[in-house]
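2 protein chains.
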Amino acid sequence: MANDIPDIVIGRLPIYLRALTHLAAEGESTTTSSYDLGRKLGISSAQIRKDLSHFGEFGKQGTGYNIKYLIEQLRQILHLDREWAIVLVGAGYIGHALSHYQGFQHRGFQILWVFDNDPGKIGRDMNGMRIRNMSELGALVRSEGVKVAILAVPASSAQETTDLLVESGIKSILSYAPINLTVPSDVNVRYTDPVVQLQRMTYYLDS
Amino acid sequence: MANDIPDIVIGRLPIYLRALTHLAAEGESTTTSSYDLGRKLGISSAQIRKDLSHFGEFGKQGTGYNIKYLIEQLRQILHLDREWAIVLVGAGYIGHALSHYQGFQHRGFQILWVFDNDPGKIGRDMNGMRIRNMSELGALVRSEGVKVAILAVPASSAQETTDLLVESGIKSILSYAPINLTVPSDVNVRYTDPVVQLQRMTYYLDS
Numbered sequence: 001m002a003n004d005i006p007d008i009v010i011g012r013l014p015i016y017l018r019a020l021t022h023l024a025a026e027g028e029s030t031t032t033s034s035y036d037l038g039r040k041l042g043i044s045s046a047q048i049r050k051d052l053s054h055f056g057e058f059g060k061q062g063t064g065y066n067i068k069y070l071i072e073q074l075r076q077i078l079h080l081d082r083e084w085a086i087v088l089v090g091a092g093y094i095g096h097a098l099s100h101y102q103g104f105q106h107r108g109f110q111i112l113w114v115f116d117n118d119p120g121k122i123g124r125d126m127n128g129m130r131i132r133n134m135s136e137l138g139a140l141v142r143s144e145g146v147k148v149a150i151l152a153v154p155a156s157s158a159q160e161t162t163d164l165l166v167e168s169g170i171k172s173i174l175s176y177a178p179i180n181l182t183v184p185s186d187v188n189v190r191y192t193d194p195v196v197q198l199q200r201m202t203y204y205l206d207s
Numbered sequence: 208m209a210n211d212i213p214d215i216v217i218g219r220l221p222i223y224l225r226a227l228t229h230l231a232a233e234g235e236s237t238t239t240s241s242y243d244l245g246r247k248l249g250i251s252s253a254q255i256r257k258d259l260s261h262f263g264e265f266g267k268q269g270t271g272y273n274i275k276y277l278i279e280q281l282r283q284i285l286h287l288d289r290e291w292a293i294v295l296v297g298a299g300y301i302g303h304a305l306s307h308y309q310g311f312q313h314r315g316f317q318i319l320w321v322f323d324n325d326p327g328k329i330g331r332d333m334n335g336m337r338i339r340n341m342s343e344l345g346a347l348v349r350s351e352g353v354k355v356a357i358l359a360v361p362a363s364s365a366q367e368t369t370d371l372l373v374e375s376g377i378k379s380i381l382s383y384a385p386i387n388l389t390v391p392s393d394v395n396v397r398y399t400d401p402v403v404q405l406q407r408m409t410y411y412l413d414s
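Note that the protein sequences, when read in sequence, are chains V and C. If you use the working numbering, the first sequence corresponds to residues 1 to 207, in order. If you use the working numbering, the second sequence corresponds to residues 208 to 414, in order.
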């Protein structure tokens, strides 16, 4: 079943999960509806119902969704009912910001190690983590079976670093490098480039 | 015409632009094809042709696209034939990383000012920019007619800051705060949340 579901649908599930988690934290209600959730997210309620229907029946006509139950289900679907270790590659400004990012906690992820190839950085501390030599990456990632990496290196070394990550067994890469990476078909890359997102919005600006 | 084009199509144009800009920088060829571009990006050539066909005829069967011409056209379509001033709100770790980000240059954007409300940060230098008091934001943004903002404040003050940005005339917001923001329909928000992107990938991981 899993492979038949469009990736764009999968991409909306974490957004639903985030909104539901906020609702649960607010604690005002134990249930919500596709209408309320849709209004909160700027997504139509029909879209939300359709997206969720790929995975089963989560709500009842009239009573809506039980927030806690839907959170649990989404976490299972997205394989977040465990904690994923992340290797962070690159101890520059972005790596530094990521090491301080509070949002990983309780959302399924933890940065396990940080690597860099700059002799001036190796061995130093970054927010409580020792910056490790890139030369250690392969053996460590393999030994722990780490599957998830965040790439925060310059564009010029991004492909080379990606090749090393892939060889070491990494299957999911979130890249901050502003280039398109080539990976085998069983490896998933997502890109985060603030300019690409800004450019998508200036289309709608007139002056 | 503009409003009939799905936002998902608009979202791919910056990706095409980025790949074409790399091709132009490599300088190996003056033309490319939807097939080559698609292979580079992991997008089907049919999709690329269909996306571009919304905006006119950019290539010829057999000879492909002139890279420089297509870059120019995409920059016009996305309103990048000018430079957009950005206000950056939040001088924390993410703001710091953004102030050092090289990718804004030559891609249509420049951070004009940075704001924070922390008295310990106001007046200090961040990569050559003086951190300004949030209380100055409204008047400055209005006086210069700035339309684009990057929000890098904690979740707890994100909505309040967004309201201030919207009141001041901001129409496009790139948010790093991990919550969904409420804005009027003429304001566009895009979110960048590394965990949402990671969660979209763990769906495909088995163990």
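Glycine included, every Cβ here is placed at the ideal spot set by N, Cα and C.
According to the Cβ coordinates, are residue i and residue j closer than 8 Å?
i: C/L344; j: C/V321; result: no
i: V/F109; j: V/W84; result: yes
i: V/S157; j: V/M126; result: no
i: V/V189; j: C/P221; result: no
i: V/R142; j: V/S175; result: no
i: V/S29; j: V/G38; result: no
i: C/D323; j: C/M341; result: yes
i: C/V373; j: C/V353; result: no
i: C/I318; j: C/I338; result: no
i: V/T32; j: V/T63; result: no
i: C/Y300; j: V/H106; result: no
i: V/T192; j: C/T399; result: yes
i: V/L205; j: C/K275; result: no
i: V/Y203; j: C/L358; result: no
i: V/I173; j: V/A155; result: no
i: V/S9; j: V/D51; result: Before going on, a small fix: residue 9 of chain V reads as Val here, not Ser. A contact, by the Cβ cut-off of 8 Å.
i: V/A24; j: V/I71; result: yes
i: C/P401; j: V/Y16; result: no
i: V/V40; j: C/N387; result: According to the sequence as given, residue 40 of chain V is Lys; it is not Val. For V/K40 and C/N387, yes; Cβs fall inside 8 Å.
Which of the three DSSP states is assigned to residue i in this structure?
i: C/A384; result: coil
i: V/A149; result: strand
i: V/T182; result: coil
i: V/V166; result: helix
i: C/S240; result: coil
i: V/P14; result: helix
i: C/A209; result: Note on C/A209: pLDDT 47, under 50, position unreliable in the model; the coordinate value appears next. Looking at C/A209 - three-state DSSP - the assignment turns out to be helix.
Can you find a heavy atom of the ligand MG that lies under 7 Å from the Cβ of residue i?
i: V/Q110; result: Only the bare structure without any ligand can be found here, which leaves the ligand MG out of the picture.
For residue i, list the residues DSSP reports as bridge partners.
i: C/V216; result: According to DSSP, C/V216 bridges with nothing at all.
i: V/S157; result: Bridge partners of V/S157: none, in fact.
Residue i lies in the beta strand (DSSP E); which residues open and close that run?
i: C/V403; result: Element bounds for C/V403: not the beta strand (DSSP E) but the alpha helix (DSSP H), 401-409.
i: C/V396; result: 395-398
(message) Please give the ranges of any beta strand (DSSP E) in the region 40-104 of chain V, keeping only runs that are unbroken, at least 3 residues long and fully inside the region.
(response) 64-66, 84-89
(request) Could you tell me which uninterrupted beta strand (DSSP E) segments, each at least 3 residues in length, are contained entirely in the region 307-354 of chain C, listed from first to last along the chain? (result) 316-323, 336-340
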